[in-house]
Amino acid sequence: MGIQYALMRRKSLSPANLFHFVCPIFNVETRFATCVSLRDLVWKGRRPEQRKGCQACMSASKCPINNIIQDFGRLPDDPYHADEKRVGSLKDRHIERIMPVLVSPKLLDEYAVTPKERELILAANEAAGAWVSGKQSKRSTRKTSVELEDVQRETAPVSRRSRKPPAESVKERAPEPADAVLAAESGDMSAAINMAMTTSAEPAASAATSTPKPKARMSLLERARAAAGRAA
Numbered sequence: 592m593g594i595q596y597a598l599m600r601r602k603s604l605s606p607a608n609l610f611h612f613v614c615p616i617f618n619v620e621t622r623f624a625t626c627v628s629l630r631d632l633v634w635k636g637r638r639p640e641q642r643k644g645c646q647a648c649m650s651a652s653k654c655p656i657n658n659i660i661q662d663f664g665r666l667p668d669d670p671y672h673a674d675e676k677r678v679g680s681l682k683d684r685h686i687e688r689i690m691p692v693l694v695s696p697k698l699l700d701e702y703a704v705t706p707k708e709r710e711l712i713l714a715a716n717e718a719a720g721a722w723v724s725g726k727q728s729k730r731s732t733r734k735t736s737v738e739l740e741d742v743q744r745e746t747a748p749v750s751r752r753s754r755k756p757p758a759e760s761v762k763e764r765a766p767e768p769a770d771a772v773l774a775a776e777s778g779d780m781s782a783a784i785n786m787a788m789t790t791s792a793e794p795a796a797s798a799a800t801s802t803p804k805p806k807a808r809m810s811l812l813e814r815a816r817a818a819a820g821r822a823a
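For the numbering used here, count along the sequence shown from 1 and bump the result up by 591.
Encoded structure:
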């Protein structure tokens, strides 16, 4: 958790970072934020079509970006950030760590590295051996370079839970009075009460146009009394 918090505070890892440096492998100027975006994709198992050689070097820990991000988790300095475009140099320690590393031909085939990138990576392998024996400077003096394409940072997919429901929805039909009667006759009083409350909430216009209730039937005793009154 502490390392993650430290990385979140690094301005160098911001997508808006405009710091540039000369890649020690391909001997070409590249934007720091682009390298970080590519590394995130590689670490997620993605393999974009751009910069196949960079992906192979990152997988082999030949790219200095890996070591730089590891240092961000334990060191307080943040040297690779710029609000405006600035071309700077990498720290010696970040170049020294990648010098002895070799990228295997099998890994180059796995990432389908282009012939030009392969040539530069194999030259870096040879320089690594010379540097270990003390015959090569850690700063590359090669003039050959390759163009490095821009890589966009992957956007997070929209969660299904965050999707808004449809703007319009079909309202459920209110239960008819007959439904409440049937529910009461069946003994389900809870359903009958709920249906009756739903029916009473309908607009007054509906109540005005509804059919009037039939008169209650008279009992046998009331009929006898009425007949006796007419006979008198």
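Beta carbons are placed, not taken as given, at the ideal position from N, Cα and C, and that holds for glycine.
Is the region 668 to 677 touching the region 690 to 699 in the sense that three or more CB pairs, one from each, lie closer than 8 Å?
no
Taking only three categories from DSSP, how would you classify Gly664?
coil
Residues of its chain near Val627, where Cβ-Cβ distance is below 7 Å and the 5 sequence neighbours each way are ignored
Leu604, Ile656
Given a threshold of 16 other Cβ atoms within 10 Å of its Cβ, counted over all protein chains shown, does Met780 qualify as buried or as exposed?
In this predicted model, Met780 has a pLDDT of only 49, less than 50, meaning its place in the structure is not dependable; the value taken from the coordinates is given anyway. It is exposed - the Cβ of Met780 has fewer than 16 other Cβ atoms within 10 Å.
For Glu640, the three-state DSSP class (helix, strand or coil)
coil
Ala718 versus Lys707, Met690, Glu708, Glu710, residue with shortest Cα-Cα distance:
Met690
Take Lys602 and list the residues in its own chain whose beta-carbon comes closer than 7 Å to its own, dropping the five residues that flank it on each side.
Asn608, Asp669, His672
What does His611 pair with, by DSSP beta-bridge criteria?
Arg622, Val678
Tell me the residue span of the alpha helix (DSSP H) that contains Leu693.
Unbroken run through Leu693: none, as it is neither H nor E.
Round the Cβ separation of Gly644 and Glu708 to the nearest angstrom and send it over; I've been treating them as touching at under 8 Å.
3 Å
Put Asp631 into one of helix, strand or coil per three-state DSSP.
helix
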